[in-house]
Amino acid sequence: MNKRIRKKQQKQREQRKQLEMKWLLDTANAIDAAIQEYWRWREEIERRYVELYAEDIARRMGLVPKQ
1306 MNKRIRKKQQ
1316 KQREQRKQLE
1326 MKWLLDTANA
1336 IDAAIQEYWR
1346 WREEIERRYV
1356 ELYAEDIARR
1366 MGLVPKQ
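Residue numbering for the sequence shown follows this note's numbering, starting at 1306 and increasing by one per position.
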């Protein structure tokens, strides 16, 4: 009987360990996706800033008419 109980407990520990590993993997994937999204957003903001800055400089130099 004790052997059966120990075997059942071992199986439960293995299942818990698998669930923990799955949770860690899912969390790591979510973090990775969030980091990639952040860098895409940052690059877009930087690109917009450069465009606005270039427009402002061109306007100041008189290359683009004021609107």
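Idealized CB from N, CA, C, for every residue including glycine.
All values derive from a computational prediction rather than experimental measurement.
| Query | Result |
| --- | --- |
| If the criterion is Cβ atoms closer than 8 Å, does the pair A1363 and V1369 meet it? | yes |
| DSSP three-state call for L1368: helix, strand or coil? | coil |
| Alpha carbon to alpha carbon, how far is D1361 from D1331? | 45 Å |
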